[in-house]
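Enquirer: The structure that follows is given in the form of structure tokens.
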Amino acid sequence: MTNFSNYPPQTSQGNLQILLELAIDWSLAHGLVFRPPSTTSNNNIDNNNNSVIHAPISLFPSPFPRREFELALELQPIFNRLFFELSQNHDFIKDVIEEVTKVDDFIEKLYNLYVTVRQEGVVQPISLGLHRSDYILHVSSNNHEEAHIQQVEFNTIASSFSSLSSLTGELHKYLLESTNYFDSSSPIFNIEALPENDSMNSIPRGIAKAHELYGSERAVVLMVVQSKERNIFDQRWIEYTLFKNHKVHLIRKDLSEISQEGKLDPITKALIIDGKEISVTYFRSGYSPRDHLSDEAWNTRLLIERSKSIKCPTAAYQLVGAKKVQQVLAAPGVLERYIPDPLEVKKLRSCFAGLYPLDSSPEGEKAAKAALENPERYVMKPQREGGGNNLYANDIPQLLSKLTPSERSSYILMDLIKPPPMKNIILLQGEMVKGEMISELGVYGIIIGKGKEVIVNERGGHLLRTKGKETNEGGVATGYAVIDSPLLF
Ligand code: ADP
Ligand code: MG
Ligand code: MG
Numbered sequence: 007m008t009n010f011s012n013y014p015p016q017t018s019q020g021n022l023q024i025l026l027e028l029a030i031d032w033s034l035a036h037g038l039v040f041r042p043p044s045t046t047s048n049n050n051i052d053n054n055n056n057s058v059i060h061a062p063i064s065l066f067p068s069p070f071p072r073r074e075f076e077l078a079l080e081l082q083p084i085f086n087r088l089f090f091e092l093s094q095n096h097d098f099i100k101d102v103i104e105e106v107t108k109v110d111d112f113i114e115k116l117y118n119l120y121v122t123v124r125q126e127g128v129v130q131p132i133s134l135g136l137h138r139s140d141y142i143l144h145v146s147s148n149n150h151e152e153a154h155i156q157q158v159e160f161n162t163i164a165s166s167f168s169s170l171s172s173l174t175g176e177l178h179k180y181l182l183e184s185t186n187y188f189d190s191s192s193p194i195f196n197i198e199a200l201p202e203n204d205s206m207n208s209i210p211r212g213i214a215k216a217h218e219l220y221g222s223e224r225a226v227v228l229m230v231v232q233s234k235e236r237n238i239f240d241q242r243w244i245e246y247t248l249f250k251n252h253k254v255h256l257i258r259k260d261l262s263e264i265s266q267e268g269k270l271d272p273i274t275k276a277l278i279i280d281g282k283e284i285s286v287t288y289f290r291s292g293y294s295p296r297d298h299l300s301d302e303a304w305n306t307r308l309l310i311e312r313s314k315s316i317k318c319p320t321a322a323y324q325l326v327g328a329k330k331v332q333q334v335l336a337a338p339g340v341l342e343r344y345i346p347d348p349l350e351v352k353k354l355r356s357c358f359a360g361l362y363p364l365d366s367s368p369e370g371e372k373a374a375k376a377a378l379e380n381p382e383r384y385v386m387k388p389q390r391e392g393g394g395n396n397l398y399a400n401d402i403p404q405l406l407s408k409l410t411p412s413e414r415s416s417y418i419l420m421d422l423i424k425p426p427p428m429k430n431i432i433l434l435q436g437e438m439v440k441g442e443m444i445s446e447l448g449v450y451g452i453i454i455g456k457g458k459e460v461i462v463n464e465r466g467g468h469l470l471r472t473k474g475k476e477t478n479e480g481g482v483a484t485g486y487a488v489i490d491s492p493l494l495f
């Protein structure tokens, strides 16, 4: 089957209504949920936190080529090791990041954090990387069989949806097994086409292993959170699974609470919060300037960075997740410097889209010119995370023409990835929305190192997010996309 123009299969309005009700009730019953949006302002939550709404999900799983899915899984341990090694490579970080610090205040503060603690002496040699590498299928024709994954970005901080992704896979399995989507003739709806997804357990397993290596029975894990988080249950599932499977406690605090309650043991440099020693500090916040509005927040980041707790991620590790690093890695000859095996280099490179600097170098000048002439071919990205930051189409020349070559260096340019056409029905706050969709596959990865020695290097399951074709940005938490699962063909 090469063409999915009839997907999802036509079915009556009555059948769709049944699927909708089944999907919503299953989600509510199994914790595939968000906090409801505030009735007063859209992105906040109300004070009375005693109700939930189903997570934004797709009604059908989305077809995805098995070959490309397996390739993405295969690449993960190679990417894990690469980013782990870069996070330990001072010369690389200095070379790539210093230029950006001159024109990006957020990156500058993060870099200063890294440099300060490096000069003082790092007290914790163990590091925990919880990654997610994201891909979109690219195709130059409408033939799905010719589609190949291209990497959108590599995340080293606060990669979300590992819990709700597993649950969405379970939901689709349930809908398929209980209704066969009212289409018993379609060969694509078979249970083997829905791959197992371990992401509910893998992230807690990684945190538990790091906790064990920290080596204190009494210590607890700290999750650094944003104060008003609608996607709290994805995080709660990590907390509950960590406790259920590993008997490790986790506490949730935002940066301002840590600033009030946290201190370092003057001798051991253990991070103590509210009297409890912290083994692992796991950030689900701290990736955006909005999380660091005050000096107090940056001082708290410094306190954590100085501490003996295992940081997921360290400032260095967060910095190597920058879009600028991705662009540098895609330049000719760079991967070869960090990966000895030419076959591995070839595999990674096969999934790179065109990436270009926008600085004052000759390549940067050339890319800026190309983007001014054909903006619809590109995405322009600042050094930001969390969705909603990129520029597309005519917004590119509008901004680019105002920037000096030096200011331009805080951005990179990337070829627009063009996925094959695909339709689905998504559920947003109880409503079905039908249309052409774009899916983005994420693969989780877990790596634990002590100094330069790698102790754990694993895949951690996957995520499929799907959004309307006309939507540029992809975040689920930001309201652009829904959680989906792959139907392999
Ligand atoms: P963030 O760190 O904010 O998530 P991303 O690089 O993932 O930044 O970009 C956000 C979204 O923009 C992606 O989820 C994807 O939907 C879209 N996007 C990013 N890069 C490309 C690209 N090269 N081609 C097509 N869409 C892209
Ligand atoms: Mg992204
Ligand atoms: Mg990101």
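The opening residue of the sequence shown carries number 7 in our numbering; numbering runs sequentially from there.
We put the beta carbon where it would ideally sit given N, CA and C, even for glycine.
#1: What does the Cβ neighbour count give for Lys-250, buried or exposed, with the cut at 16 atoms within 10 Å?
#2: So, Pro-363 versus Gln-332, is the Cβ gap smaller than 8 angstroms?
#3: In whole angstroms, what is the alpha-carbon distance linking Lys-100 and Val-449?
#4: Are the segment 449-463 and the segment 478-487 in contact at 8 angstroms, needing three or more beta carbon pairs?
#5: In terms of residue numbering, what span does the beta strand (DSSP E) encompassing Leu-28 cover?
#6: Any idea what DSSP makes of Gly-175, helix, strand or coil?
#7: Would you mind giving the Cβ-Cβ distance between Asp-240 and Ser-166, rounded to the nearest angstrom? I have them listed as a contact below 8 angstroms.
#8: State the start and end residues of the unbroken alpha helix (DSSP H) segment that holds Arg-72.
#9: Does His-468 pass the burial test, meaning 16 or more other C-beta atoms within 10 Å, or should it be called exposed?
#10: Under the rule that 16 or more other beta-carbon atoms within 10 Å means buried, what is Asn-305, buried or exposed?
#11: Give me the Cα-Cα distance between Tyr-141 and Glu-27, rounded to the nearest whole angstrom.
#12: The alpha helix (DSSP H) that contains Gln-333, what's its start and end?
#13: Taking Cβ to Cβ, would you say Leu-341 is nearer than 8 angstroms to Arg-383?
#14: Please tell me whether Lys-372 and Tyr-417 are closer than 8 angstroms, where the distance is taken between their beta carbons.
#15: Who are the Cβ neighbours of Met-7 in its own chain at under 7 angstroms, not counting the five residues just before and after it?
#16: Excluding the five sequence neighbours on either side, which residues of its own chain have a C-beta within less than 8 angstroms of the C-beta of Gln-157, listed in chain order?
#17: Grab me the residues of Ser-192's own chain with a C-beta within less than 7 angstroms of its C-beta, minus the 5 sequence neighbours each way, in chain order.
#18: I need the DSSP call for Lys-440, collapsed to helix, strand or coil.
#19: Out of Phe-89, Pro-67, Thr-107 and Ile-84, which one is the CA nearest neighbour of Glu-413?
#20: Indicate whether Gly-466 and Ile-452 have their beta-carbon atoms separated by less than 8 angstroms.
#21: For ligand 1, I want to know if Lys-387 counts as a neighbour, meaning its beta carbon is within less than 7 angstroms of at least one of the ligand's heavy atoms.
#22: In the DSSP assignment, find the unbroken beta strand (DSSP E) run with Gly-135 in it and report its ends.
#23: So, with DSSP's three-state summary, where would you put Lys-380?
#24: Can you give the Cα-Cα distance for Asp-490 and Arg-343, rounded to whole angstroms?
#25: Check whether the segment 315-323 and the segment 213-232 touch, using three or more Cβ-Cβ pairs below 8 angstroms as the test.
#26: Which whole-angstrom value is the C-beta distance of Thr-472 and Gly-394, which I expect to be below 8 angstroms?
#27: From this set, Ile-103, Ala-399 and Ala-336, which residue's C-alpha is nearest Glu-159's C-alpha?
#28: Have a look at the DSSP bridge pairing and note the partners of Phe-40.
#29: Nearest CA to the CA of Gln-232: which residue from Leu-299, Leu-136 and Asn-86?
#30: Excluding sequence positions up to five away, which residues of its chain have a Cβ less than 7 angstroms from the Cβ of Lys-269?
#31: Take the Cβ of Asn-161 as the centre, count every other Cβ of all protein chains shown within 10 Å, and call the residue buried at 16 or more, exposed below.
#32: In angstroms with no decimal places, state the Cα-to-Cα distance between Gln-23 and Ala-35.
#33: Check the C-beta distance from Ser-64 over to Asn-430 and give it rounded, since I have them as a contact under 8 angstroms.
#34: Under 8 angstroms between the Cβ atoms of Pro-62 and Leu-200?
#35: Report, in whole angstroms, the separation of the C-beta atoms of His-154 and Phe-85, which I expect to be a contact under 8 angstroms.
#36: Per DSSP, what kind of secondary structure is Gly-481 in: helix, strand or coil?
Expert: From the atom records:
#1: Position 244 of the sequence shown holds residue 250. Burial call: exposed.
#2: As a working mapping, residue 363 is identified with position 357 in the sequence shown. As a working mapping, residue 332 is identified with position 326 in the sequence shown. No, the pair does not count as a contact, with Cβ atoms beyond the cut-off.
#3: Here residue 100 refers to the residue found at position 94 of the sequence shown. Here residue 449 refers to the residue found at position 443 of the sequence shown. Computed Cα separation, rounded: 28 angstroms.
#4: No, because fewer than three Cβ pairs between the segment 449-463 and the segment 478-487 fall closer than 8 angstroms, the two stretches do not touch.
#5: Position 22 of the sequence shown, counted from the start, is the residue given in the question as residue 28. It is not in any beta strand (DSSP E) - Leu-28 instead sits in the alpha helix (DSSP H) that spans 19-36.
#6: For the purposes of this step, residue 175 is taken as the residue at position 169 of the sequence shown. Of the three classes helix, strand and coil, the one that applies to Gly-175 here is helix, per DSSP.
#7: Translated into the one-based positions of the sequence shown, residue 240 becomes position 234. Translated into the one-based positions of the sequence shown, residue 166 becomes position 160. Their Cβ separation, rounded to whole angstroms, is 6 angstroms, which keeps Asp-240 and Ser-166 in contact under 8 angstroms.
#8: On the sequence shown, residue 72 is found 66 positions in, with the first residue counted as 1. Counted as a single uninterrupted DSSP element, the alpha helix (DSSP H) harbouring Arg-72 occupies residues 72-93.
#9: As a position in the sequence shown, residue 468 is number 462, starting the count at 1. Buried, by the Cβ-count rule.
#10: The residue you call residue 305 lines up with position 299 of the sequence shown. By the 10 Å Cβ count, Asn-305 comes out exposed.
#11: Here residue 141 refers to the residue found at position 135 of the sequence shown. Here residue 27 refers to the residue found at position 21 of the sequence shown. Answer to the nearest angstrom: the Cα atoms are 31 angstroms apart.
#12: The residue given as residue 333 occupies position 327 in the sequence shown. Gln-333 -> alpha helix (DSSP H) spans 329-336.
#13: Translated into the one-based positions of the sequence shown, residue 341 becomes position 335. Translated into the one-based positions of the sequence shown, residue 383 becomes position 377. Against a cut-off of 8 angstroms, the Cβ pair of Arg-383 and Leu-341 comes out as no contact.
#14: Looking up residue 372 in the sequence shown gives position 366. Looking up residue 417 in the sequence shown gives position 411. Between Lys-372 and Tyr-417, the CB-CB gap reaches or exceeds 8 angstroms.
#15: Start at 1 with the first residue of the sequence shown, and residue 7 comes out as number 1. The predicted model places Met-7 with a pLDDT of 48, which falls under 50 and marks its position as unreliable; any figure quoted below should be read in that light. The beta carbon of Met-7 lies closer than 7 angstroms to those of Ile-194 and Phe-495 in the same chain, with the five residues before and after it left out.
#16: As a working note, residue 157 is residue 151 in the sequence shown. Result list for Gln-157: Ser-139, Asp-140, Tyr-141, Gln-332, Cys-357, Phe-358 and Ala-359, in chain order.
#17: Position 186 of the sequence shown, counting from 1, holds the residue named residue 192. Excluding positions up to five away in sequence, the list reads Pro-15.
#18: Numbered from its first residue, the sequence shown carries residue 440 at position 434. In this structure, Lys-440 counts as strand in the three-state DSSP scheme.
#19: Working through the sequence shown from its first residue, we reach residue 413 at position 407. Closest by alpha carbon: Thr-107.
#20: One-based indexing of the sequence shown puts residue 466 at position 460. One-based indexing of the sequence shown puts residue 452 at position 446. Cβ atoms of Gly-466 and Ile-452: closer than 8 angstroms.
#21: The residue you call residue 387 lines up with position 381 of the sequence shown. Checking the Cβ of Lys-387 against ligand 1 gives yes.
#22: Position 129 of the sequence shown, counted from the first residue, corresponds to residue 135. Per DSSP, the continuous beta strand (DSSP E) segment holding Gly-135 begins and ends at 132-144.
#23: Residue 380 sits at position 374 when you count from the first residue of the sequence shown. One detail in the question is off: residue 380 reads as Asn in this sequence, not Lys. Note: Asn-380 maps to coil in three-state DSSP.
#24: In the sequence shown, the residue the question calls residue 490 occupies position 484. In the sequence shown, the residue the question calls residue 343 occupies position 337. Approximately 37 angstroms, taken between the alpha carbons.
#25: Output reads yes: the segment 213-232 touches the segment 315-323.
#26: Here residue 472 is taken as the residue at index 466 of the sequence shown, counted from 1. Here residue 394 is taken as the residue at index 388 of the sequence shown, counted from 1. At roughly 17 angstroms, the Cβ-Cβ gap does not stay under 8 angstroms, so Thr-472 and Gly-394 are not in contact.
#27: Position 153 of the sequence shown holds residue 159. Looking at the Cα atoms, Ala-336 is the closest of the given residues.
#28: Against the sequence shown, residue 40 aligns to sequence position 34. Partner(s): Ile-59.
#29: Taking the sequence shown and counting its residues from 1, one reaches residue 232 at position 226. Looking at the Cα atoms, Leu-299 is the closest of the given residues.
#30: Translated into the one-based positions of the sequence shown, residue 269 becomes position 263. Scanning its chain for C-beta atoms nearer than 7 angstroms, with the 5 sequence neighbours on each side dropped, one finds around Lys-269 the residues Ile-278, in chain order.
#31: Residue mapping note: residue 161 aligns to position 155 of the sequence shown, counting from 1. That one is buried.
#32: As a first step, residue 23 is located in the sequence shown; it is residue number 17 there, counting from the start. As a first step, residue 35 is located in the sequence shown; it is residue number 29 there, counting from the start. Cα-Cα distance, rounded: 18 angstroms.
#33: Within the sequence shown, residue 64 is the residue found at index 58, counting from 1. Within the sequence shown, residue 430 is the residue found at index 424, counting from 1. Here Ser-64 really is in contact with Asn-430; their C-beta atoms are around 5 angstroms apart, less than 8 angstroms.
#34: Taking the first residue of the sequence shown as position 1, residue 62 is located at position 56. Taking the first residue of the sequence shown as position 1, residue 200 is located at position 194. Contact flag unset, no.
#35: On the sequence shown, position 148 is the one that residue 154 refers to. On the sequence shown, position 79 is the one that residue 85 refers to. Contact flag wrong, Cβ pair sits at about 17 angstroms.
#36: Residue numbering aside, residue 481 sits at position 475 when the sequence shown is read from its first letter. Three-state DSSP puts Gly-481 in coil, outside helix and strand.
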